[in-house]
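Peer 1: So the sequence shown is numbered by the UniProt record's numbering: it starts at 1 and just counts up by one.
Here a beta-carbon is modelled for each residue, glycine too, at the ideal position from N, C-alpha and C.
Here's a structure for you.
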Amino acid sequence: MATGRLSAKIVGRKSLHKDGGEQRMSGELLYHRARREAASLNPAGQPLGWDSLVAIAHSLDIRVDVGPLQHDVSGMIIMRGEESSPRILINEQDSPMRRKFTLAHEIGHFIDRTSVAGDFEFSFVDYRKPGDYDLHEFFADEFAGALLMPPGRFAECYQSDGPISTARMFGVSVPAVHKRHERLIKQD
């Protein structure tokens with residue numbers, strides 16, 4: 001699917017307290033919720049390409065644009081109320097793998113705020129450098145990992161073929177594969 005070009009100013013970022021993701025939401029661990037939400041958008045657990053992610057965003061009425069952003073920003077999502085359409089902005093300077101993960105991450109922010117928290121006015125800016133890592137960021141990262149690298153298929157591929165082949169299969173970076181493997185071992 002085609003995406004538009006953009007110019008954007010950086011908007012504010014809301015945050016909560018820091019936590020390792022063990023936050024419970026209605027008796028459910030946050031990472032379980034993120035995985036469940038991701039699985040609902042990719043029930044077959046298939047590797048997803050850019051066009052599939054854009055189609056998922058469009059199915060949620062999210063506009064996706066790729067264009068120039070500040071050099072230290074990978075992407076952002078902006079939603080200004082229930083009556084407005086959310087917009088995801090992705091930095092065109094990033095590699096295709098980075099853009100793909102950023103898009104999945106921003107969709108995760110949308111799911112977190114609208115489905116989990118019932119919030120329809122928010123903005124998140126995702127910087128390339130380490131910084132505040134709160135529950136919103138944890139949910140979005142876990143959601144993106146689960147959407148792009150579904151647990152069952154990921155574990156099977158990782159065990160049989162190793163991290164490099166797994167990265168190729170899912171169209172993600174080797175560091176993303178290592179991080180996903182680390183999280184799955186730690187959380188399960």
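How would you label Thr3, buried or exposed, when you count the other beta carbons within 10 angstroms and need 16 or more for buried?
Peer 2: Note on Thr3: pLDDT 37, under 50, position unreliable in the model; the coordinate value appears next. Classification for Thr3: buried.
Peer 1: From which residue to which residue does the beta strand (DSSP E) around Ile88 run?
Peer 2: Run containing Ile88: 87-91, per the beta strand (DSSP E) assignment.
Peer 1: Hey, could you find the ends of the beta strand (DSSP E) Met76 is sitting in?
Peer 2: Where Met76 is concerned, the enclosing beta strand (DSSP E) stretches over 73-80.
Peer 1: Ordered along the chain, which non-local residues of its own chain (more than five positions away) have a Cβ less than 6 Å from that of Met149?
Peer 2: Excluding positions up to five away in sequence, the list reads Phe170, Arg180.
Peer 1: Taking contact to mean at least 3 C-beta pairs separated by less than 8 Å, is the stretch 104-122 in contact with the stretch 141-159?
Peer 2: Taking 8 Å as the limit for Cβ pairs, the verdict is that the stretch 141-159 does touch the stretch 104-122.
Peer 1: To which residues does DSSP link Glu121 through a beta bridge?
Peer 2: Answer is Arg80.
Peer 1: Can the beta-carbon of Val73 be found closer than 8 Å to that of Glu92?
Peer 2: Contact flag unset, no.
Peer 1: For Gly67, does the three-state DSSP call read helix, strand or coil?
Peer 2: In this structure, Gly67 counts as strand in the three-state DSSP scheme.
Peer 1: Cβ atoms of Leu103 and Val64: under 8 Å apart, would you say?
Peer 2: Against a cut-off of 8 Å, the Cβ pair of Leu103 and Val64 comes out as a contact.
Peer 1: Return the residue from the list Gln70, Leu41, Leu69, Pro68 that minimises the CA-CA distance to Ile56.
Peer 2: Measuring from the Cα of Ile56, the nearest candidate turns out to be Leu41.
Peer 1: For Tyr127, list the residues DSSP reports as bridge partners.
Peer 2: Per DSSP, Val73.
Peer 1: Can you tell me whether Pro86 is buried or exposed, with buried defined as 16 or more other CB within 10 angstroms of its CB?
Peer 2: The residue is buried, with at least 16 neighbouring Cβ atoms inside 10 Å.
Peer 1: Assign Tyr158 to one of three DSSP states: helix, strand, or coil.
Peer 2: Three-state DSSP puts Tyr158 in a helix.
Peer 1: Give me the Cβ distance between Ala44 and Ala146, rounded to the nearest whole Å; I'm assuming they're in contact under 8 Å.
Peer 2: In fact, because the Cβ distance is near 13 Å, the residues do not count as touching under 8 Å.
Peer 1: In whole angstroms, what is the alpha-carbon distance linking Ile164 and Val172?
Peer 2: Taking the straight line from one Cα to the other gives about 10 Å.
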